[in-house]
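What follows is a single structure, written as C-alpha cells, with notes after it.
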Amino acid sequence: MFSFFRKPANPGLIWLDERTARRRIAADARTGTISADEEAQLTKFARDGYFIIELDLSQSDAAAIDADVNRLWNERPSNIAFAYDSPPKRFSSAEPLQDRKPRYRIHELHAASEQALRLYLHPLLHRYASLILGEPAVATQSLYFEYGSQQLLHRDSTVVPTPHFGRLVAAWIALEDIAPESGPLAYVPGSQRLPFFDFGTNEFTYDPSRHTPAEVERAMTFYSGELERSGLARHEFVAKRGQALIWHSALMHGGAMPADENRTRKSFVVHYSTLRGQSSRECAVTEVADGKLGESVFTTTDVLQHGEAFGFANPLDGRFLHRRGER
Ligand SMILES: O=C(O)CCC(=O)C(=O)O
Ligand SMILES: [Fe+2]
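First residue of the sequence shown? That's 1 in the numbering used here, and the numbers climb one at a time after it.
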C-alpha cells in the first residue's frame, strides 16, 4: 500500500530486510530447504535484527579457553594481539600486571585455542550466517573479551569494513554465565532499520585514515538522535554459558556499563562475511619497528575449513603488507 511514499530503502540491505522476506522464509520451510527452527529464527531476524541460539559449550570446554588465555598472558607470543580501543599490540609487548584489565580484548584467539577454533568454525553458527547472507559465509575475525567491553552502541557495518557494505553478520557467545553487573552485551531490537549517517557520497563506513574526529562526533550525534526518536528499547543479554546472539550488521549494540568492572564477562565474538566477496583478511598491529612507533599491516588469504564452515587464518601469521602512520 502506498509503496511509492515509502522512504528510500537503507543501503546494505540483505534479503531478510526485503518486504518479500517472510514469504521467502515460509517457502523455504515448505520445500524443506530450512528446518522449522531455522524458519522461526530467520523470521525473528527479519523483524528484530537478531536471534538467540544454544551452543554446546561445557564447563570443561570453557575452562580450556580460560587456560589458553592464561597461557597467552604467561607466554606472550608475538603472533597474537590484544587491545583496548586502538589498533592492537602483540602479546610479546604486553605487561601482564598492567595490561590484563577491564575492557581488554584478544584478537584471533582461535589461532591459539582449540576450543576457540571450534567456536570459530562451529557448524551451527556457519549454517545461520550463510542463511542470513544468502550464500556461504566465512568467519573473518574473532574477538575474546574477559571483561565487559564498555563499548558505546554502534553498528558493525559502519566500523568493520567488508568488500560489500552490509554483507556482514556477527555472533556473540557467552563463555560463562553472565552476571548482570558485569556489563552484558546491550542491543536494540529493530534498530537495524534506522537510517545511516553518510560520511560522504554514499559512504557509511568509518575510515580512521580519512575521517576527522569532528565527523565521528557528527555521526555519533546522528545515531543517538535517531535512536531516541525511534523510541526503540535497549535490551541486555544476560546469557548463560553457551548461549549465542546472532545479529544483523546494522543492529545497534555495545557493552553495557558494568556496575562492577572487575567482574568477568567472558565472551567470544565472531564476524562473518561472504566467502565469495572476501578474498583476504587484514590486521594492523601497533609496534616499534626500526625505532619508530607505527602500525604494521599484515594480510592472509588462508582459509581454514571444517566441513562446510570456513574462516580466515590469523593475518599475523600471514604476509607483511606495509607500515603506516609512523610517528
Ligand atoms: O562484547 C561487546 O560488548 C560488544 C562487542 C562488539 O561490539 C563486537 O564485537 O562487534
Ligand atoms: Fe560491534
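Here a beta-carbon is modelled for each residue, glycine too, at the ideal position from N, C-alpha and C.
For the alpha helix (DSSP H) that residue i lies in, which residues bound it at each end?
| i | result |
| --- | --- |
| Ile106 | No alpha helix (DSSP H) holds Ile106; the beta strand (DSSP E) holding it covers 105-107. |
| Glu39 | 36-48 |
| Gln305 | Element bounds for Gln305: not the alpha helix (DSSP H) but the beta strand (DSSP E), 303-306. |
| Arg329 | Outside the modelled stretch of the chain, which goes from 1 to 327, sits residue 329, for which no answer is possible. |
| Leu185 | No alpha helix (DSSP H) contains Leu185, which is instead part of the beta strand (DSSP E) from 185-187. |
| Leu125 | 123-133 |
Looking at residue i: is its Cβ nearer than 7 angstroms to the Cβ of residue j?
| i | j | result |
| --- | --- | --- |
| Glu236 | Pro161 | no |
| Arg100 | Trp73 | yes |
| Ala83 | Ala186 | no |
| Ala46 | Ala21 | yes |
| Asp66 | Ser113 | no |
| Leu232 | Gly200 | no |
| Gly294 | Gly325 | yes |
Taking the alpha-carbon positions, what's the residue i to residue j distance?
| i | j | result |
| --- | --- | --- |
| Phe51 | Ala289 | 44 angstroms |
| Ile80 | Arg263 | 24 angstroms |
| Tyr104 | Ser182 | 14 angstroms |
| Gly307 | Arg118 | 12 angstroms |
| Arg265 | Tyr147 | 4 angstroms |
| Asn23 | Ser78 | First, the residue type needs correcting, since residue 23 is Arg and not Asn in the sequence shown. Distance between the alpha carbons of Arg23 and Ser78: 50 angstroms. |
| Ser249 | Lys44 | 15 angstroms |
| Phe310 | His107 | 18 angstroms |
| Ser296 | Val216 | 24 angstroms |
| Asp56 | Ala36 | 20 angstroms |
| Val138 | Ala94 | 30 angstroms |
| Met1 | Glu18 | Residue placement at Met1 cannot be trusted, given a pLDDT of 43 that sits under 50; what the coordinates show is reported in the next sentence. Roughly 15 angstroms separates the two Cα atoms. |
| Glu176 | Ala244 | 11 angstroms |
| Ile178 | Gly254 | 15 angstroms |
| Gln192 | Leu251 | 4 angstroms |
| His211 | Arg218 | 11 angstroms |
Within the continuous beta strand (DSSP E) that includes residue i, where are the two ends?
| i | result |
| --- | --- |
| Thr300 | 292-300 |
| Ser142 | 137-147 |
| Ala81 | 81-83 |
| Glu236 | 235-237 |
| Ala259 | Element bounds for Ala259: n/a, residue is neither H nor E. |
| Phe222 | Where Phe222 is concerned, there is no enclosing beta strand (DSSP E), although the alpha helix (DSSP H) it sits in stretches over 213-230. |
Is residue i close to chain C? Criterion is C-beta to C-beta, closer than 7 angstroms.
| i | result |
| --- | --- |
| Ile178 | Absence of chain C from the displayed structure is noted, only one protein chain being present. |
Can you tell me whether residue i is buried or exposed, with buried defined as 16 or more other CB within 10 angstroms of its CB?
| i | result |
| --- | --- |
| Ala116 | buried |
| Leu152 | exposed |
| Gln278 | buried |
| Ser3 | Caution is warranted here: a pLDDT of 45 is assigned to Ser3, below 50, making its placement in the model unreliable, and the coordinate value is therefore given only provisionally. The residue is exposed, with fewer than 16 neighbouring Cβ atoms inside 10 Å. |
| Gln305 | exposed |
| Phe320 | exposed |
| Val159 | exposed |
| Thr140 | buried |
| Thr274 | buried |
| Asn314 | buried |
| Ala332 | Absent from the model: residue 332. The displayed extent of the chain is 1 to 327, so no value can be given. |
| His126 | buried |
| Ser149 | buried |
In the DSSP output, which residue or residues are listed as bridge partners for residue i?
| i | result |
| --- | --- |
| Ile65 | For Ile65, which the question treats as bridged, DSSP gives no partner whatsoever. |
| Thr264 | Tyr147 |
| Trp247 | Tyr50, Ala170 |
| Ser93 | According to DSSP, which records beta bridges pairwise, Ser93 is partnered with nothing at all. |
| Glu287 | Gly294 |
| Val159 | Paired residues: none, contrary to the question. |
| Glu282 | Thr299 |
| Tyr272 | Ala139, Val169 |
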